[in-house]
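Structure, as structure tokens:
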Amino acid sequence: MRNFLIKFCLKILRFFPPEVSGKISLEFIRFFPYLITKKKITIKESNSFYKKPIIYGNLKFKNYLGLGAGLDKEGKYFASLGSLGIGFVEVGTFTPVAQPGNDRPRIKRINKEKSLINRLGFNNPGILQAVRNIRSNKKSFKGILGVSIGKNKNTKLEEAHKDYVFCLEKCFEISDYIAINISSPNTEDLRRLSSEEYLENLLVEINNCYESLEKKHQKKVPLLLKLSPDESDKNLEKIIKVSCEKKISGFILSNTTEGTYEGLNGGISGPLLKDKSLSLLKKVNYLINDDLLLIASGGITTKRDLEERLDNGAKLIQIYTSFIYQGPKILDDLLN
Ligand SMILES: Cc1cc2nc3c(=O)[nH]c(=O)nc-3n(C[C@H](O)[C@H](O)[C@H](O)COP(=O)(O)O)c2cc1C
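One point on numbering: in my numbering, the residue at position 291 of the sequence shown is 661, and numbering is uninterrupted.
If you want it as structure tokens, here you go:
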């Protein structure tokens, strides 16, 4: 009955523009979590591998499955999303100052391939409000919380490090890990931050700030770099080298791939992204040491996709688009 109702609601929601249906779903999960979570995800005893917690440094993920950044862009919904049984949620991306994002329409469903294209452009309430939201919801959250940070649209690339440092300072205390997003295709030139010209300086500034925060709060917070699947092999090697010299603990692979659909230019996610994300994971896994944490993201829809990522070095898995198309049922499918 519950699954039937969820399926029915998902069908109705498809009549609304994607951004509106997304908001309705999040509010619904927030106010009526018991309707969704009545049947908690229980991992079958025979599936002991998936039941095993994943330990990384001080962090204990109750399972390997998480929700990617961009679903909870306000820091208001992660606790209700967490109650669905997943191991972790990444909120954001947040910027120093609140911003509305790009003009609408800015998300389209690519129904045939169960994929999405978006050009949201970091619509968010700003890091200060986000941290207030997170604080008031964190007590009821049992999982691991990742906070994704970025730069404001109007910040020049030469000044971008200041935005990341500002956000890092504000969210350090409340984060379990922090994702440095330099790979969204929807903020003009953001991806240039991964070039030789900017990356080293950005990571030096982040590193310096991190060291003083670590001392002040007596706490370690892994810093993960979220990469683009459109990165060239040559630059990828440079990124890995510089990151390993600094305080980067791992990588999220990957963000959306740049593309165009029905006149909308933005980031494509879901099955259409799968091959590129997997290929990036394989390359990075080949280049790094075992102690770095790899989180796979991009087109993970089936148990087979997920196992392929785990076989290629990923320790944790994030989903986004498959959750939008299938609702909470996907979590059950991927954990059992
Ligand atoms: C509508 C939408 C908004 C997103 N916003 C963000 C974001 O703010 N920050 C970020 O790092 N990734 C963002 N992403 C990327 C996802 O976190 C994820 O990495 C990507 O969609 C690939 O996973 P998927 O194929 O499972 O969707 C967004 C994706 C979508 C579809």
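Note that beta-carbon positions come from the ideal geometry of N, C-alpha and C, so glycine has one too.
The structure displayed is predicted, hence computed values, not measured ones.
Rounded to the nearest angstrom, what separates residue i and residue j at their Cα positions?
i, j, result
"Gly668", "Thr626", "7 Å"
"Asp505", "Leu593", "Sequence check: residue 505 is Arg here, not Asp. Cα-Cα distance, rounded: 20 Å."
"Val574", "Leu538", "13 Å"
"Glu389", "Ala684", "30 Å"
"Asn488", "Ser582", "37 Å"
"Lys408", "Lys673", "Because the pLDDT at Lys408 is just 48, under 50, the model does not fix this residue reliably, and the point stays unresolved."
"Gln499", "Pro387", "26 Å"
"Ser692", "Leu643", "12 Å"
"Cys541", "Ile618", "17 Å"
"Glu615", "Leu569", "12 Å"
"Lys652", "Lys586", "37 Å"
"Ile700", "Asn659", "32 Å"
"Ser565", "Ala468", "26 Å"
"Val654", "Leu490", "27 Å"
"Pro641", "Lys478", "15 Å"
"Ser450", "Ile576", "31 Å"
"Pro698", "Asn494", "24 Å"
"Lys526", "Pro599", "24 Å"
"Ile638", "Ser485", "7 Å"
"Ile497", "Ser518", "10 Å"
Could you tell me if residue i is buried or exposed, where buried requires 16 or more neighbouring beta carbons within 10 angstroms of its beta carbon?
i, result
"Gln588", "exposed"
"Gly633", "exposed"
"Gly520", "buried"
"Tyr656", "exposed"
"Asn428", "exposed"
"Asp681", "exposed"
"Asn556", "buried"
"Lys422", "exposed"
"Pro470", "exposed"
"Lys611", "exposed"
"Asn507", "buried"
"Glu601", "buried"
"Lys604", "exposed"
"Arg384", "exposed"
Residue i: which of the options sits nearest, CA to CA?
i, options, result
"Thr465", "Gly471, Ile382, Val591 and Asn522", "Asn522"
"Leu650", "Ile687, Gln688, Asp660 and Leu606", "Leu606"
"Gln509", "Ser485, Gly445 and Asp559", "Looking at the sequence provided, one finds Lys at residue 509 rather than Gln. The option with the nearest alpha carbon to Lys509 is Gly445."
"Ile480", "Gly491, Glu543, Ile552 and Thr630", "Thr630"
"Gly636", "Asn551, Lys422, Asn472 and Val591", "Asn472"
"Gly438", "Asp703, Asp702 and Leu623", "Leu623"
"Tyr547", "Arg384, Glu460 and Ile382", "Glu460"
"Gly513", "Lys430, Ile609 and Gly620", "Lys430"
"Arg562", "Ile609, Cys379 and Ser545", "Ile609"
"Gln688", "Tyr434, Ser613 and Leu396", "Tyr434"
"Asn551", "Ile544, Thr463 and Glu529", "Thr463"
"Leu664", "Val501, Glu567 and Leu597", "Leu597"
"Cys579", "Glu558, Leu595, Lys532 and Ser553", "Lys532"
From the DSSP output, in three-state form, read off residue i for me.
i, result
"Gly640", "coil"
"Lys408", "Note that Lys408 scores a pLDDT of 48, beneath 50, so its modelled location is shaky; the value from the coordinates is reported in the next line. It is coil, neither helix nor strand."
"Gly438", "coil"
"Tyr580", "helix"
"Arg474", "coil"
"Glu558", "coil"
"Leu458", "Contrary to the premise, residue 458 reads as Phe rather than Leu in this sequence. Three-state result, Phe458: strand."
"Ile552", "coil"
"Lys430", "strand"
"Ile687", "strand"
"Ala449", "helix"
"Ile382", "helix"
"Phe402", "coil"
"Asn373", "helix"
"Pro388", "helix"
"Asn655", "helix"
"Leu663", "strand"
| message | As an exercise, report each continuous alpha helix (DSSP H) stretch of at least 4 residues that is fully enclosed by the stretch 482-542, in chain order. | response | Within the stretch 482-542, the complete alpha helix (DSSP H) runs of at least 4 residues are 497-508 and 530-541.
| query | Hey, which unbroken runs of the beta strand (DSSP E) at 3 residues or more fall wholly within the stretch 563-632? | reply | Every beta strand (DSSP E) stretch that sits fully inside the stretch 563-632 and reaches 3 residues is listed by chain position as 593-597, 618-623 and 627-631.
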